[in-house]
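Residue numbers (my numbering): 3 to 157. C-beta atoms are modelled at their ideal positions from N, C-alpha and C, and glycine is treated no differently. Since the model is a prediction, treat every value here as computed from it, not as a measurement.
Laid out in structure tokens, this is it:
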């Protein structure tokens, strides 16, 4: 037991009293868009920090609401199938890479929708003409044909 007490006093760093936050937190700048909650008064350092905000949240539902409001801007929204039709082939870009990135963000799109959206996103050219002449059987067929046209252009 004496040995444990010696280790604790030997290896611990004394805690600075008065401010419950580390220097790292205290010197960090607040975000430019930060606004303190309107129901809290500025802390003047003369009272217990726990008592300063004590009772400010009256229920879990209120806490949940405050939390959601604070972090609402960080929420990720799933893209809809309609967003696939906004994907267009840019100059010097393969539509496959760009389109597949967006497809991963869209839950459960049907084969016909994928084929239509991909075809609409093409800039014209021989692949577009090929897909217009002979419909693809499924989206994998579209990707396979697109890869063949890319290989042909690279040759």
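Checklist entry - Under 7 Å between the Cβ atoms of residue 141 and residue 116? => result yes
Item to check | the segment 69-78 contacting the segment 87-104, beta-carbon criterion three pairs below 8 Å | outcome: no
Item to check | Bounding residues of the alpha helix (DSSP H) (the contiguous stretch that carries residue 147) | outcome: 141-156
Next on the checklist: Once DSSP output is grouped into helix, strand and coil, what is the label at residue 115?
Outcome noted: helix
Item to check | From 113, 135, 69, 52, residue whose alpha carbon lies closest to that of residue 145 | outcome: 113
Item to check | Start-to-end residues for the alpha helix (DSSP H) that takes in residue 102 | outcome: 97-105
Next on the checklist: Taking the beta carbon of residue 119 as the centre, do at least 16 other beta carbons fall within 10 Å, making it buried, or is it exposed?
Outcome noted: buried
Item to check | Inside the segment 50-74 only - alpha helix (DSSP H) runs reaching at least 4 residues | outcome: 51-54, 62-73
Item to check | Cβ pair residue 111, residue 89 closer than 7 Å | outcome: no
Checklist entry - Under a Cβ-count criterion, where at least 16 other Cβ atoms within 10 Å of its own Cβ denotes burial, should residue 91 be classed as buried or exposed? => result buried
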